Structures are given as structure tokens and as C-alpha cells.
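Everything below concerns the one structure shown next.
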Amino acid sequence: MRGEEAATWFRERFDTVRDQIHRSIVGQDEIVDGVLLGLVGDGHVLLEGVPGLGKTLLVRCLSQAVNLSFSRIQFTPDLMPADVTGTNVLVETEGGGRRFEFRRGPIFAHIILADEINRATPKTQSATLEAMQEHSVTVGGVRHDLEEPFLVMATQNPIEQEGTYPLPEAQLDRFLLKLLVDYPSKQELAEIVNRTTGTSEAQLEAVLDRDEILQMRQIVREVPIAENVLEFALSLVVATHPGGPEGAPVAEKYIRFGSSPRGAQALVIAGKVYALLDARYNVSKDDLRKAAPSALRHRLLLNFEAEADGVKPDDVVEQVVAHVGAKDKDPIQV
Amino acid sequence: MNDIQRLLKRFALRVRLVRGWRGLAVGGLFGAGAGVVWASLDYFAVALTNWGYLAAVAGGGAVVGTIVGLLLPVSAAALSASIDRRAGLDDRLRSALERAAKGGAFDEALVQDATGHLGRVKAARTFPIRFGRWQAGFIALAALAGAIFLLGNSTLWMSEDQKRERAEMQQAAEQIKRIAKPFVERMQEEELTADERELLDRLQRLVSRLERGRMPKEEALKTANELAKEAEELIRERFLKSSESLKKARELLAGDIAKRMEEETGTPVDAELMRKMMESMDGPPPDFAAQRAAVQEQIDALNSLLANSGSGLSDSARQALEEQLTGLQEAMREIELSQKAREFLERLYAQPEYRELMEILRELAKASEAGQQGQQALTDEQIQEMIRRLEELADLLADDEALREWLRELIEKMKDLEIGGECQSCMGGLMASLGIMPGMGRGGADEQFLYPDTGYVPQVGEEQTIEAKTDPFAVRGQRAEQGTETYIEIRGPSGLGERSSTPYTDVLPEYERVAEDAIEKQKIPPSHQKRVREYFESLGSGG
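Residue numbers (our numbering), protein chains in the order written: chain A, 2 to 335; chain B, 26 to 568.
What follows is the structure, given as C-alpha cells:
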């Protein structure tokens, strides 16, 4: 497929899935695009929002719109790692003998909904961690690969923190994007009420299969990025490092630990998807600006001063972007 | 070259143009800044300038800035990134430029996309020529420089006295310039010493400052005095140098003639003796017979004394007499040689070429001596005439290679004399023109501060009343029949603001006698002898 055709096909497929999801989900365009971005960008997505905003519904819709296997894991404090990954069970053979047989857990699916992931213990969260990073699980010393595409969509509730286990930084870093699900607008709310209190219920169709998803992922990888744009992405990440030579002033003030290199990877991947969606064949700095909040907000560990001043990670990211943008001068000053 | 690079060319040209426009403003700003400094210095009369120089400084800066702006390289990468920003191309151009012909899946589509977008972008709109802060700064500074210059040079803010003083200064400058012009032009063509060059520069600076009327009067007068003093010293040095050269030339010529005499007559003659004989050729021939007779008489007397005294003389007395006798015999030989040399010179001078040569040498010696005493004996035209005659002589005496070579050297040395003469003439004129300046040359105690310890007598350009208790007398020099000469008329008492305590009638006879003596001994140039006599005659008749 030629570049132009591939990009057009990508955009069409993306729009198709998006439209399908919007048959059930009202509004939340950015969140829907972000979830789909994670799907085609080969990255896990963390959805954060108060209960009842449709996080779980969104993921379920996604699973219905694509022809992939889906598992939902409700994370609770008593959830054990084996409940997620699966375990070896003793079974009788036909000859009367016994042997251990691996019973796959719910992680063995293409799309995983890790609902309220911060309610599970760190031990269970760590089990998920390996699967997210390695796309495999190891049980009883045996490694079991997960089938591609493998996508974890985790949700967490920012309130009711009592009895929860906030995700460690290492695990947060493994999410490509963190999406903040906000309240719907009044018009959207009206539409939600109309849809959910009537007799008809939207039936979603699977419009995208596994091969198409893998092909879309390949297309994303092939989008070129210019040196100066890549430099901009790196500058954004480096600017979050307090004490670094190129650290932004806001980083010095409010950040304890800045973004890891995965932040730059996330920026570029997200930028490439945005470029394709914008009918372009190159990543622009605006794509990176657009991707910066969702790609960086969960990678910044703010200090006490930020907490005290009520500064949110998004505020810091916004200032970092502004700082790097200001330094990015026109190379021809006339 | 792909489509993008081809399309970028017109943008590169546009960028150069805009940079040139900006460079003009930046360079002009610096130039105008320098102009402000210069105009400020001009205001305080530290370094003078004019509209032309100020415009040249600002304009020069603008031109340099423009050239730099036009010539600065424009890289394709920077240009494409800039166009991306300015035209909102979302980094298409830069990406396409990097990815062109790299073989990626999207490269071709990317290049086509970027080319399409770039084709719709107008270079003039992307890089507009604006009137920005640099241009405004340039104009503001240029205006400031002009205002400061105008403030210092306009007479609008001056009092009547200041205006009059400035006008007088400018008038004096014009006159100095006019008088010194031929001299300055000539000096510029000649090879000058460092001191002469410096003097010339200072003279031109003085004229420049006077022209602008931006020099305090006291300073102008003081500088003029200093210049005149230094110039006189340099003139003296010039003439001293030419005098030495001529003396050496005469010695060389005497040696040449002595050698020639030995070759022709077989009589060896000392070069010094020959030189003396050459100098005496102007006067009547000595009476060699009488000289010989007188010496012979003394020799005979000594011989007789030695013979008759016998042993009556002490050894020392005898030795003294013998030495005296030897000296007399030596003198006798010298008289004989002198006579032979005189006869040889008379034969030589019978040739018109030699006679003329000697005549020229005599005139030159007089001119050189007069120059050292601050007088001008020969005009430029006269010296040039001499040079022409010497060149003709060199042709006539072509057979004598040594003499011809000597003549060539002499001609070269005469140029010093010529320049010295011109310098002297010019300085006379210069001093006269400075005398025109207000406040100079009036004499009197109230003006003395203008000439502290300079030893200079002020000059005047017009008749003025002398405020001293002496009767003024007009003393006028007589111009020579031909050529030109510069002289200074001095009217007044012998000292500035002082009275003579001795009636001049008491000292006049003595001065007259000394003057006559000087005329007799030819210390006064012939062209001035008549003038000196008339001067004393007028004093006598006045008394």
C-alpha cells in the first residue's frame, strides 16, 4: 500500500471505530480518541475519573467495536496475582496419572479492562506490570506469551482513596497515556439520559479485526518525524527534569522527578497518530503539544510544594510546553 | 535538486532581501551611533566633522550592514523550518526536506504534500519587509546626530559677538588656505620628513578648525604662533642641509679640478688650496710677485741671522729660527702653487661652461646662506632656471663623466633649496594671514598674553596707531625688479608694550655703521642691500 493510500485507509478505519463507539458513548471525544490511540499506538491507557462517567462502558464499547477478545478484571484488595495471570492446577490424566496444567487467567485476552486498578495490592499490580511491559506472564517458571495486540485499559478513581494502593511510578510509567475523564456537558448529559432511559439500546458491531489493528500499528510506526520536531519532543521531556541543564523553571519549583525516556516515546507515538488523523505524513510540533498532557502528566512526580500550592500535573505540563515553545525560536530572525 | 529545493530558492532570495533591509537598519544604527559620538565631539570642538562625514559614517554603516545581510548564508534546513512556522505548514517542509529520497513509506507522499503546500505560500507574505524597531532606531539616532551637529554649528543660538568672532575666524582660515594652497600642494608631492609632515598636518587641522569657526580665539592664536615657530625652524634646517650639501659639492668640484690640473700640468695641488683659490676668483687676482718678494725678504733675513749669529744663539733659539725658516719656505711653495692654481683656474674659467658653473655655485651659496638667516634670496623660478642651466651644462660637459655625475647630484640637492624657498615663502604668507586675525599684531600691554615668551613680533595687515610714546615711521621695503619676494612690515617700538629708554638718534650711527659693514661684507643679499640703506636713510632724515 502506498503512503497516501495507507494513511487514508488508516484514517477511515480509525473513524469507523470511533463512530461505532460513539453510537454508545456520548461526547468524550478526546477520551475516545485517546483510547483508540492506545490501541493503534501499541500502548496501555490509564483512565482516571470519578465513578459513573463511563470509563468502563467506554472500554467495553471498544472491545465490542473491534473483533478482539476482551477481559474485565475488577481489582479488589483480595485479588491475587494468580487471579489475574492464571495458575497451575493439578489435573488427572486419562491414564490415571496427575499433572499440573496451566489455567490461563483473564489477562490472556487482547483487551483487558483493569477496573479500579488502584484497589488491588501492590503484589497483584506487579503481576499486571510484567504482562503490560513484556506482553507475557511467567507462572511456575514457565513464560506464557500474550497474543498481540495486547492492550490494558486501566481505570482508577481519584476519590475515595482510603483502602487503595496508589500505583507506583514504575507502573504508571508503563501506561502510554493517562486520560482524565471529565463530567459531560449539559447537552451530552441530556443525550446520555435519553439513550439510557429509553427502550432501545445501541448494538455495536465489530468493525476492526486483529490484522487490521496490527497493520494500523505498523502504519503509525512508519510516519516520519523531522529532526527539529524530535528535538522539540526531547526538549519537552528534558525540561521536566529538575536540576537538569535544560530544566524548566516550573520543574525546579514543583517537580521531584521528571519524565522517563518513555515519556518521549509516548509523545512521538501519540504525535504520529495525531499526524495521521490530521491527514499529514509527518509529525508536527503541534501534535506533540497536543499529546503532551496525556503522555506526560502521569510521569511527573510533584513535590510537596506543588501539593501545597494545589498545582496539578497538567498545570506543570502546560508550563513546560510553554517554556520549551518559547525557547524554540524561528531559525531565521528577520 | 528536487521540487522543494527549487521552490525554496525564491524564499532564500526573499530572506536575503529582508536580511539586507534589516542589516541596513542595524548597520545604519551603529553608524548613526558613531555619528552621534562624533557630532558630540564636534559640539565640544574636540573632533570636527561636517554633514558629509556624518552622512558617510551613518551611510557606511548602513551599506556594510546591507552587504552583510545580503551575503549571510541561508541554510535550507533553517529556511524550511522558518517557513513551516510562518506559513503554518505544521513542519511539513522541514520533514519533507529531510525525508526526500530516503525510501520511507510516507516519504513520497510527504514530499508531494509539502510541495503542494509550499506552492501556495507567498514569499513576500511569509517574509515581509517591515519598518521595525531597528529601522526606527536608525532614523532616531541619525536625527539625533544631525540635531547635535546642528546645535553646535548653527549661529541661531549665538550672540552677536560670537557670530562676529566666528566669521573672523572663518575669514582668516580662508586666507590661510588661499596662501598656503600652492605650498601645501607642492609639499604633498614631495618627500617630506616626519617633522615636516606633522607640521603640514597640523596646519591643515588648524585651517579646518578655523574654517568651521569652532576654535577659541586664544587657542587659534597660540597654535598659529607655535606653527610659525616650528615652521621657521624647519626652514632653517632645510637651508642648513642644502648649505652643507653645497659646501660638499664645492669641495668635490675643487678636488676634481685639482686632479685635472695635476693630469694636465704635472703639478700636484691640494684640493683645499684649490677650493680657496676658487673662492678667491671673484675678487681681483692676488699680487703673487709681491707676496713672494715679501716672503723671500723674510727668508733672506732669517738666513742672514742664522749665518751671522754663529754660536751666539742658544740651541732652542736656533731651532725656533730654523722652524720659522721652514715655515716661510713652505709659504713660498704655497704661493707658487696658488699662483699656478690661479693660472690654471683662469685658463679653465676662460671656458664659458665653467664660468657659468662657478656663477651658479656662487648664487646658490648666497641663497643658502640667506635662507638660514630667514631671508629669501632666490625665487622658485630662479632656482628652476638654475637647474635648467645646470642640466644644459651637464650636456655640454658630457665628455667629463665625473663632472657630469657631480652636476646631477647637485641638481638633486638643489631641490631641497627650492622646497625650503617655497616653505619660507609660504610661511611668510601664512604669518601674514594669521596677522589678519582679530587681536593679533596690535601690540600693547593688553595683548601681550597672546604671545607669551614666543619671541615673535606681531604683524599687522593694515596701518594702525601705535600706543607708545614714539613717533611712528613708515618703513617700506622695495620690491625687487624681477620675481617675487615676501616681506613683513613692522611698525612699532622694539618691544611689545615697552618704551625704548634710549633715543634712537643716539644709536642710529652705530647701527648704520654695522649695516654698512654687513653690506660691504656681503652678508646682506644684494636684493635687500638697497632696502637696508634706504631704511637707515629714512631714519636719519626722520631724526
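Glycine residues also receive a C-beta, built at the ideal position from the N, C-alpha and C atoms. The structure displayed is predicted, hence computed values, not measured ones.
> In chain A, which residues lie with their C-beta within 7 Å of the C-beta of residue 129 of chain B?
Replying inline: 223, 225
> Are any of the Cβ atoms in chain B nearer than 9 Å to that of residue 163 of chain A?
Replying inline: no
>> I need the DSSP call for residue 81 of chain A, collapsed to helix, strand or coil.
In response: coil
> Between the C-alpha atoms of residue 325 of chain A and residue 239 of chain A, what's the straight-line distance to the nearest angstrom?
Replying inline: 10 Å
>> With a threshold of 6 Å on Cβ separation, who are the neighbours of residue 238 of chain B within its own chain once the five nearest residues in sequence on each side are excluded?
In response: 191, 194, 195
>> Between the alpha carbons of residue 512 of chain B and residue 556 of chain B, how many angstroms are there, rounded?
In response: Low per-residue confidence applies at residue 512 of chain B: pLDDT is 47, beneath 50, and the placement is therefore not dependable, though the value from the model is reported in the following sentence. Looking at the two C-alpha atoms, the distance is approximately 11 Å.
>> Between B/337, B/330, B/76, B/105, which has its C-alpha nearest residue 346 of chain B's C-alpha?
In response: B/330
> Using 8 Å as the Cβ pair cut-off and three pairs as the minimum, do the region 113 to 123 of chain A and the region 46 to 65 of chain A touch?
Replying inline: yes
> Given that a residue counts as buried once 16 or more other Cβ atoms are within 10 Å of its Cβ, and exposed if not, what is residue 51 of chain A?
Replying inline: exposed
>> Just to confirm the assignment, what range does the beta strand (DSSP E) spanning residue 93 of chain A have?
In response: 87 to 93
> So, residue 132 of chain A versus residue 147 of chain A, is the Cβ gap smaller than 9 Å?
Replying inline: yes
> Apart from the five residues on each side of it in sequence, which residues of its chain come closer than 7 Å, Cβ to Cβ, to residue 264 of chain A?
Replying inline: 238, 296, 297, 300
>> Going by C-alpha to C-alpha distance, which of B/283, B/54, B/128 sits closest to residue 4 of chain A?
In response: B/128
> residue 294 of chain A and residue 318 of chain A look like a contact to me (Cβ under 8 Å); what is the Cβ gap, rounded to whole Å?
Replying inline: 5 Å
> residue 156 of chain B: buried (16+ other C-beta within 10 angstroms of its C-beta) or exposed?
Replying inline: exposed
> Taking 9 Å as the CB-CB limit, is residue 112 of chain B close to chain A?
Replying inline: no
>> According to DSSP, residue 163 of chain A sits in a beta bridge with which residue or residues?
In response: Its beta-bridge partners do not exist; DSSP assigns none.
> What residues of chain B sit near residue 41 of chain A, judged by a beta carbon separation below 8 Å?
Replying inline: Within chain B, no residue comes near residue 41 of chain A; the closest Cβ sits about 16 Å away, beyond 8 Å.
> Given that a residue counts as buried once 16 or more other Cβ atoms are within 10 Å of its Cβ, and exposed if not, what is residue 459 of chain B?
Replying inline: Bear in mind that the predicted position of residue 459 of chain B carries a pLDDT of just 48, short of 50, making it too unreliable to give a figure here.
>> What residue range does the beta strand (DSSP E) around residue 153 of chain A cover?
In response: 152 to 157
> Using Cβ-Cβ distances below 7 Å, what residues of the region 27 to 46 of chain B are close to chain A?
Replying inline: 40, 43, 44
> Who are the near neighbours of residue 104 of chain A in its chain, counting only those whose CB is closer than 8 Å to its CB and skipping five residues on each side?
Replying inline: 87, 88, 89, 90
> Looking only at its own chain, which residues have a Cβ that is under 8 Å from the Cβ of residue 111 of chain B, when we skip the five neighbours before and after it?
Replying inline: 151, 152
> Which residues, in order along the region 213 to 242 of chain B, keep a beta-carbon less than 8 Å from a beta-carbon of chain A?
Replying inline: none
> How big is the Cα-Cα spacing for residue 227 of chain B and residue 327 of chain A?
Replying inline: 58 Å
> Can you give the beta carbon distance from residue 11 of chain A to residue 220 of chain A, rounded, assuming they're within the 8 Å contact cut?
Replying inline: 5 Å
> Hey, quick one: how far does the alpha helix (DSSP H) through residue 146 of chain B stretch, first residue to last?
Replying inline: Unbroken run through residue 146 of chain B: none, as it is neither H nor E.
> What does residue 50 of chain B reach in chain A if we use C-beta pairs closer than 9 Å?
Replying inline: Under the 9 Å cutoff, chain A gives no residues; its nearest Cβ is about 11 Å from residue 50 of chain B.
> Going along the chain, which residues of the region 143 to 155 of chain B sit with their C-beta nearer than 8 Å to a C-beta in chain A?
Replying inline: 152
>> Suppose the cutoff is 8 Å on Cβ atoms and the five residues either side in sequence are ignored; what does the same chain contact list for residue 386 of chain B look like?
In response: 271, 274, 275, 278
> Whose C-alpha, out of B/40, B/78, B/62, B/118, is nearest the C-alpha of residue 98 of chain B?
Replying inline: B/40
> Do we get a CB-CB distance below 9 Å when we pair residue 123 of chain B with the residues of chain A?
Replying inline: yes
>> The beta strand (DSSP E) that contains residue 113 of chain A, what's its start and end?
In response: 112 to 116
> Quick one: is the Cβ of residue 303 of chain B within less than 8 Å of any heavy atom of the ligand SAM?
Replying inline: Here there are no bound small molecules, and the ligand SAM is not part of this structure.
> If you check the beta carbons only, do residue 121 of chain B and residue 138 of chain B fall under 9 Å apart?
Replying inline: yes
>> Run through chain A and tell me which residues come within less than 9 Å of residue 253 of chain B, C-beta to C-beta.
In response: Neighbours of residue 253 of chain B on chain A: none; closest Cβ ~59 Å, over 9 Å.
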